[in-house]
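Student: Residue numbers (the numbering used here): 217 to 506.
Glycine included, every Cβ here is placed at the ideal spot set by N, Cα and C.
I have a structure here, written as structure tokens, and I will follow up with some questions on it.
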């Protein structure tokens with residue numbers, strides 16, 4: 217998009233309405249793109265047969281295979297081929313892989329229970345059945361947090377971290393990031409920052425953890441540290457939408473609007489269905505009177 221234009225007072229009054237119309241057209245185009253993106257996402261959610269149970273309980277982030285990108289959560293494990301589960305004509309997989317897939321499906325089933333009490337009961341049973349899996353106490357901790365049991369949530373997060381550290385660096389980073397989010401939501405920013413530092417120490421390529429550290433640094437006024445963390449997130453995952461958005465808005469807050477637009481445009485070229493990116497860009501332009 218072109219830079220903001222300031223009209224000289226000597227210009228004919230008829231020019232100003234024309235420019236305002238052009239600005240409104242640009243804004244309308246952004247809003248149409250947001251609506252289209254939201255509609256596409258709605259259709260995709262319907263096709264994936266997702267339900268509200270996981271969103272309510274807080275689905276655990278599922279670690280990727282070696283060298284891959286983080287997966288969105290246990291719902292993916294239940295969605296069949298969309299999550300990497302083998303098709304009927306795929307090559308045989310190991311029993312360990314099958315067992316892991318079964319545990320993810322059981323986690324999804326527990327989170328999709330009819331009530332919080334039912335979900336908690338099933339998660340407790342799964343913890344006893346699979347004592348080495350960190351995602352069951354993690355999910356139970358998130359559920360406890362949602363129900364207002366902060367002490368219980370912290371005890372479960374602590375147990376999940378101990379299991380995750382034995383499981384692998386990405387598991388450890390995912391659990392620590394979830395715990396940090398819990399503490400940050402309660403205003404315990406020092407605790408959140410310490411947990412996030414442990415998360416990126418466990419897995420330096422965990423984009424979400426770097427992005428969260430960047431947001432904390434930015435809120436504290438440490439712009440260089442924020443930019444460094446957003447850049448680290450994008451080095452690990454170039455299409456990490458929250459980091460792209462955060463980096464663009466950081467540039468805008470510094471008055472570098474052309475750079476912000478460049479980042480937004482590049483991000484939406486890679487992620488054309490990402491409604492939050494359109495909304496953030498549109499909001500920036502609206503504040504600029506464009």
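(1) From what residue to what residue does the alpha helix (DSSP H) around residue 498 run?
(2) Residue 425 and residue 433: beta carbons closer than 8 Å?
(3) Using beta-carbon positions only, say whether residue 499 and residue 457 come within less than 8 Å of one another.
(4) Which residue wins for smallest C-alpha separation from residue 451, given the options 465, 477, 421?
(5) Answer with yes or no whether the minimum CB distance from residue 481 to chain C is below 8 Å.
(6) Along the chain, where does the alpha helix (DSSP H) that runs through residue 459 open and close?
(7) Could you tell me the distance, in whole angstroms, from the CA atom of residue 468 to the CA atom of residue 488?
(8) Looking at residue 352 and residue 363, is the spacing between their C-beta atoms short of 8 Å?
(9) Assign residue 506 to buried or exposed, taking buried as 16 or more other Cβ atoms, counted over all protein chains shown, within 10 Å of its Cβ.
(10) Less than 7 Å between C-beta atoms, sequence neighbours within five positions excluded: which residues of the same chain meet that for residue 335?
(11) Taking residue 483 as the reference, which of 384, 464, 473 has the closest Cα?
(12) As an exercise, report each continuous alpha helix (DSSP H) stretch of at least 4 residues that is fully enclosed by the region 392–456, in chain order.
(13) Return helix, strand or coil for residue 341, following the three-state DSSP convention.
(14) Could you check where the alpha helix (DSSP H) with residue 383 kicks off and where it finishes?
(15) Assign residue 402 to one of two classes, buried (16 or more other C-beta atoms within 10 Å of its C-beta) or exposed (fewer than that).
(16) Which class does residue 476 belong to by DSSP, given the choice of helix, strand or coil?
(17) Quick one: what does DSSP say residue 332 is sitting in, helix, strand or coil?
(18) Quick one: what does DSSP say residue 352 is sitting in, helix, strand or coil?
(19) Going by the beta-carbon positions, is the gap between residue 396 and residue 379 smaller than 8 Å?
(20) Inspect the beta-carbon positions of residue 461 and residue 408 and report whether they are closer than 8 Å.
(21) Sort 376, 369, 365, 339 by Cα distance to residue 321 and report the nearest one.
(22) Find the nearest neighbour of residue 349 within the set 365, 382, 361, 332, judged by alpha-carbon distance.
Tutor: To lay it out plainly:
(1) 491–503
(2) Contact annotation: residue 425 and residue 433 have beta-carbon atoms that are not nearer than 8 Å.
(3) no
(4) 421
(5) Absent here is chain C; the protein component of the structure consists of one chain.
(6) 457–469
(7) 21 Å
(8) no
(9) buried
(10) Cβ contact annotation for residue 335 (same chain, cutoff 7 Å, sequence separation greater than five): 273, 326, 327, 329, 359, in chain order.
(11) 464
(12) 405–418, 423–435, 439–452
(13) helix
(14) 366–383
(15) exposed
(16) Reduced to three states, the DSSP call for residue 476 is helix.
(17) helix
(18) helix
(19) no
(20) no
(21) 339
(22) With distances taken between Cα atoms, residue 349 lies closest to 382.
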